[in-house]
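Taking the numbering used here, the leading residue of the sequence shown gets 18, the next gets one more, and so forth. A virtual CB, placed ideally from N, CA and C, is assigned to each residue, including glycine.
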Amino acid sequence: MLWEDEDGNIGQQFSLLDDEGEEIGRIDLLAKDKAKNTYVVIELKKGRSSDKVVCQTLRYMG
């Protein structure tokens with residue numbers, strides 16, 4: 018299911034902020050696996066992906 022925060026913001030184009038409140042990126046889709054209680058990051062890319070996509074996702078994970 019798509020993640021929804023306490024303000025009702027849905028996990029579409031979800032902004033990630035660092036400790037200082039600066040945006041570090043936008044997740045295409047953010048979902049939550051209720052069974053495992055974990056977040057699922059989904060990045061949509063047109064065409065073939067590259068190592069840049071992996072680096073982007075790792076940056077989101079901290």
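When secondary structure is reduced to three states using DSSP, K49 falls in the strand class. Contact between L33 and E40 is confirmed by a C-beta separation of about 7 Å, below the 8 Å threshold.
Taken through DSSP and simplified to helix, strand or coil, R76 comes out as helix. The Cβ atoms of D45 and I59 sit closer than 8 Å to each other. Short of 6 Å from the beta carbon of K63, and not among the five residues preceding or following it, lies no beta carbon of its own chain.
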